[in-house]
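Going down the list, the sequences are from chains A and B. Per my numbering, the first sequence starts with residue 1053, numbered consecutively. Per my numbering, the second sequence starts with residue 290, numbered consecutively. Don't be surprised by glycine CBs; every beta carbon is placed ideally from N, CA and C. Working notes for the structure below.
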Amino acid sequence: MAIRSFLFLLLLFFSSLNPILSLYEDQVGLMDWHQQFIGKVKQAVFHTQKTGRKRVVVSTEENVIASLDLRHGEIFWRHVLATNDVIDGIDIAIGKYVITLSSGGSILRAWNLPDGQMVWESSLQGPKHSKSLLLVLTNLKVDKDNVVIVFTNGRLHAVSSIDGEVLWKKDFEAESLDVQQVIQPPGSDLVYVVGFAASSQFEMYQINARNGELLKHESAAFSGGFLGEVSLVSSETLVALDSTGSILLTISFHNGKISFQQTPISNLVGDSLGPAAITPSSVTGIFSLKVNAITIFIRVIGEGKLEVLEKTNLKTAVSDALSISEGKQAFALIQHAGSEIHLTVKPADDWDGNLLKESIKMDRQRGLVHKVFINNYIRTDRSYGFRVLIVMEDHSLLLLQQGEIVWSREDGLASIIDVTTSELPVEKDGVSVAKVEHNLFEWLKGHMLKLKGTLMLASPEDMAAIQSMRLKSSEKSKMTRDHNGFRKLLIVLTRAGKLFALHTGDGRIVWSHLLQSLHKPQACQHLIGLNLYQWQVPHHHAMDENPSVLVVGRCGPSLDAPGVLSFVDTYTGKELSSLSLAHSVAQVIPLPYTDSTEQRLHLLIDADQHAHLYPKTPEAIGIFQREFSNIYWYSVEDDNGIIKGHALKSKCTSEVADEFCFDSRELWSVVFPSESEKIIATVTRKLNEVVHTQAKVIADQDVMYKYLSRNLLFVATAAPKASGEIGSVTPEESWLVAYLIDTVTGRILHRVTHHGSQGPVHAVFSENWVVYHYFNLRVHRYEMSVIEIYDQSRADDKDVWKLVLGKHNLTSPISSYSRPEVITKSQSYFFTHSLKSIAVTSTAKGITSKQLLIGTIGDQVLALDKRFLDPRRSVNPTQAEKEEGIIPLTDLLPIIPQSYVTHALRVEGLQGIVTVPAKLESTTLVFAHGVDLFFTQLAPSRTYDSLTEDFSYALLLITIVALVAAIFVTWILSERKELQEKWR
Amino acid sequence: MASIPRFEPVTLLLFVLLSTALTISSGSGDGFTINGRVRIPQGLGTKGFALPGKISNVKVILNGGQNVTFLRPDGYFSFHNVPAGTHLIEVAAIGYFFSPVRVDVSARNPGKVQAALTENRRGLSELVLEPLREEQYYEIREPFSIMSVVKSPMGLMVGFMLVVVFLMPKLVENMDPEEMRRAQEEMRNQGVPSLASLLPGGGRS
């Protein structure tokens, strides 16, 4: 009895080790990494006058405002604004505030320069929508205050930079006034507002900057009309183009007198080259013109006389003017020549008197220079030095100084559009493990240190040594495959059309590749990268081939623009080949078939619903013909509210014989009534998902069969009125309908209506369940619902006798055409936060229980056990159900702070969460991307199949030694006792 | 972990003085302005682990991301140009858990405040948002104790061995030989492999 009770106690001890997912603070950075980015810089303002920290304030296309260290390129502070809060302009006022104008000119904010704290915020309204312009009047001081002049929404505002108070405002009544520039002539209290009205009228207003009084209003008509941008060449002269784009207009409004001077472009450059465009710049007396690929620099010599300074067909980028001393200006010019870029800094008044001329070797993978920002500093010998910040085609940011790249930031990674993974190369036999491993003594020393750490005997120095030892473990960043499959390459495609390979161990860039083929200017003007697919993953055959990915792109924004394919080797980052397609790409379907070299077959559907097979090999067509009748796909037309199912029909019947092109036929269509339903979300299962078992054993020894069809589609529709923002509709006129549709037959398997609810809907589909998140207007809270779908036709298979007698239907083929008898179970819960993204963990064999990964509005990622979203939860579960692990029903899903996988970090601007199974069944790799990147390993049911990182080998050794010693002691004792008994 | 924010009398007084401003005012043009304040009581966030999130990193979010604004140094925030209707305000601050707040902006009587926490349906008289609780993102390492070693699998192993070696013979010795035999028989009948028979001296005495 005693023994049994003891064993029971032992069991109790083990079971009391509570399995919750959490992290100790000193484990941060062991398995996870976090990288911060800002995105493609739009505008930069330097702040280097004062002694102390030199910084540059930038605004980016990801709506980030950030202050960067000019020495190292690190981020001092950063704020990510809302996606619709686009930054229009930034500047620095009174030396300590950063002023930003955003949201189409309606929000003006000031941020404290040292720490990024918002100081004030003003809302600026106006009568109509217009261009928005920001101008800080630095030389107009009113009680130590700089006045910020903002032209927005057809109204001119003067705002105090200390507290954001609007000092005065002035409306411009002229209906069609299109304001181009707000100008302050140096050293005056005046502000000029110039613009075009009614497309042929030039208007000029002269305003007193102190009180907003209109001093002068002049207008003049020009019959030719105006086109595009204007360039300011002095405080009282503008250059514009007429509506045909062939005549240059010099408009001067000196002393309120407007005069036009016309110069045909052909007079300047000899022959007509085609339509021209002015590149806006602010260099006094000089402007640049782009005609086709040629850049022309032109100087304005008083009275509208123009003079061509330089004509070049090199790719050129020009900075704004920088005033270096009293009345002197300089600007930077960057030209591409082969693998080098030439940086020249020229004074505005002397084209040939270069202040600086440098050549810098530039990585071809960075592409062209898109933007240049110049800043100067005074060297020790009191001469001027220049530093230049450049933004490249791949969105990276570089600082050039003294002919060198001082630092660079890979900010292209802030706009990832697709992610896939690739295995690393297998370790070569030549490299022995022993060489990499420490010798035994080192290894033991490390473990002794760790033991001291766990026993809390370690001194602070020891602790620091332990921490550094754990963090820089070379093991995790090796360039070879590991047993557990933790080390992989994350292949990401950015919006700039660049591929990066990131190592999962530490997040470093292994290689990067700007898709050059996509950048041949003749073939493809505006390439848009679309998607990444795993093209070739050798694991059984063709082992000597490197894995490769397929990049699908499109030339131009319209859906019927021709597509581009590129194949990239994932070990080296070299492009293997590229194809410019004759057809468009509307949809890419990776087929579950591979050829003998393990190239995956892909079906590209074009805008006319023709299917094109890749790779174009006879072998592929052979495989494809065999599966011809088993290929189905669907298409969603959001605008019309139609979902269509398609299948293949026959070879294309076009005039050009193409055996890889197939016609399709429409099988079915589901039309949603446009007056009551609008499609707001569609989700399917991940193609590569692995499901371990079809059966689910429930409490009373009963079995339920999951309905595991790969062809299920979850569709959410909402009332057209309710597809807008929260708060715009009443609960009575909004509803949300969720459907489960079979995409082979078009059959609606399940339909549920949530009255009084609205989008946005975020959903995730896995195995036989779908979880979706929406807003309930009646209680004004977010809700999450789960639908599980079970197969009833297999319900009688659990009879053992039928199995024995062979009367079961387990071997009957599963077909979507057989009418499924399904039952669904569903349940809803409240959830606190808004969502940005939702995903589910995936493991190698699908045995480990699942967790939902929820990207919250606060840019954190929360792991929530799927057991909380189980439709079989009830308020009072029976004993049997409790044993099965069913949690008593609560109306709110719990948020346990320790289960935030991002712990105390934020993935700013969160866009997507990607999970990749590791080879170890218990573990899944999680990659969250947005403006920031975050990567970690996750074990949803703890690492049951391996020892954790903090497992103490030393303690194990000590225990074994102690046990062996104890065995000897007891053996000796028992020998002695036996001897004594024998003597008795 | 869930500590309830306490009001010290001084701050409460201050807070009443500050909150005289209207929460919702009709703005120029087509919308209204929602003014509010986020207040993180002192005393929270000073407990060791949770990183006291800097006030400059706190975001206030309207309707799930439609508008995002930041806090002024005194904790005030405002949303401009908000149409009449029922809205949802969320506060994102690292280290704190805030309940979303529903705010009713009524076109008929501008200036009227209608705000309630959605988590516990508590009404707010003023739009002053306070964290419901602090969030600890990390497990706290327990200080070394002899119990933790004993509880570890290795400790249990050693403990089990000690029990078997030293206590078991004692138990067996104290037993009546008759009873012992009966117990053994019983175990044999049950078919459970008897641990006692493996013990030294167990079968003999």
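The continuous beta strand (DSSP E) containing L377 (chain B) extends over residues 374 to 381.
With 16 or more other CB atoms across the displayed protein chains lying within 10 angstroms of its CB, Y1791 (chain A) is buried. Secondary structure of E1494 (chain A) (DSSP, three-state): helix. Spatial neighbours of M1521 (chain A) in its own chain (CB-CB distance under 8 Å, excluding positions within 5 residues in sequence) are listed in chain order as G1498, L1501. Within its own chain, the residues whose Cβ lies closer than 6 Å to the Cβ of F1089 (chain A), once the five positions on either side in sequence are excluded, are D1463, L1465, A1466, V1983, listed in chain order. With a cut-off of 8 Å on Cβ pairs, the region 1984 to 1998 of chain A is not in contact with the region 1919 to 1929 of chain A, counting fewer than three such pairs. By the rule that beta-carbons nearer than 8 Å mark a contact, F321 (chain B) does not touch chain A. For T2011 (chain A), no beta strand (DSSP E) segment is defined; the enclosing uninterrupted segment is the alpha helix (DSSP H) at 2005 to 2035.
For N1198 (chain A), the enclosing beta strand (DSSP E) starts and ends at 1197 to 1204.
Counting every other CB atom within 10 Å of its CB across the protein chains shown gives Y1684 (chain A) a total of 16 or more, marking it as buried.
V1132 (chain A) has its alpha-carbon roughly 38 Å from the corresponding atom of L1631 (chain A). In the DSSP annotation of this structure, I1947 (chain A) is not part of any alpha helix (DSSP H), being labelled neither H nor E. T1805 (chain A) is classed as exposed because its beta carbon has fewer than 16 other beta carbons within 10 Å across all chains shown. The region 1162 to 1175 of chain A makes contact with the region 1107 to 1127 of chain A, as at least three CB pairs between them are under 8 Å. Taking a Cβ-Cβ cut-off of 8 Å, the neighbours of W1172 (chain A) in chain B comprise R361, given in sequence order. Taking C-beta atoms under 8 Å as the contact rule, I1675 (chain A) and D1647 (chain A) qualify, at a distance of about 6 Å.
Ranked by Cα distance from S1435 (chain A), the first of A:L1408, A:F1425, A:I1731, A:S1283 is A:L1408.
Taken in chain order, the unbroken stretches of beta strand (DSSP E) that lie wholly in the region 1361 to 1420 of chain A and span 3 residues or more are 1368 to 1370, 1374 to 1377, 1380 to 1389, 1392 to 1399, 1408 to 1413. Fewer than three Cβ pairs drawn from the region 1728 to 1741 of chain A and the region 1751 to 1759 of chain A lie within less than 8 Å of each other, which leaves the two stretches out of contact.
Taking 8 Å as the cut-off, the Cβ atoms of G1297 (chain A) and A1328 (chain A) count as close. Between the region 1631 to 1643 of chain A and the region 1688 to 1700 of chain A, the count of Cβ pairs shorter than 8 Å is below three; the stretches do not touch. Leaving aside the five residues that flank F366 (chain B) on each side, the residues in its chain whose CB is nearer than 8 Å to its CB run, in chain order, N324, G325, R326, V327, V349, T358, F359, L360. Fully contained in the region 1919 to 1992 of chain A are the following beta strand (DSSP E) runs of length 3 or more, in chain order: 1964 to 1969, 1976 to 1981, 1985 to 1990. In the structure shown, H1802 (chain A) adopts extended strand secondary structure according to DSSP, grouped into three states.
Look at H1124 (chain A) here: in three-state DSSP terms it is coil, with no helix or strand label. Assigned with DSSP and collapsed to three states, V1138 (chain A) falls in coil, not helix or strand.
Q1232 (chain A) is positioned such that its CB atom lies closer than 8 Å to that of V1246 (chain A). Not one beta carbon of chain B lies nearer than 8 Å to the beta carbon of G1964 (chain A). E408 (chain B) sits in coil when the DSSP states are folded into three classes, being neither helix nor strand. The three-state secondary structure of M1515 (chain A), taken from DSSP, is helix. In the three-state scheme derived from DSSP, where H, G and I count as helix and E and B as strand, S1529 (chain A) is classed as helix.
The DSSP-derived three-state label of E1077 (chain A) is helix.
A residue is called buried when at least 16 other Cβ atoms come within 10 angstroms of its Cβ; H1593 (chain A) does not meet this threshold and is exposed. Within the region 1871 to 1887 of chain A, the residues whose Cβ lies closer than 9 Å to some Cβ of chain B are F1882, T1884, H1885, S1886, L1887, listed in chain order. Three or more beta-carbon pairs drawn from the region 1333 to 1348 of chain A and the region 1360 to 1379 of chain A are found closer than 8 Å, and the two stretches are therefore classed as touching. Taking each of A:H1832, A:V1471, A:G1505, A:W1085 in turn and checking the Cα distance to E431 (chain B), the smallest one comes out for A:G1505.
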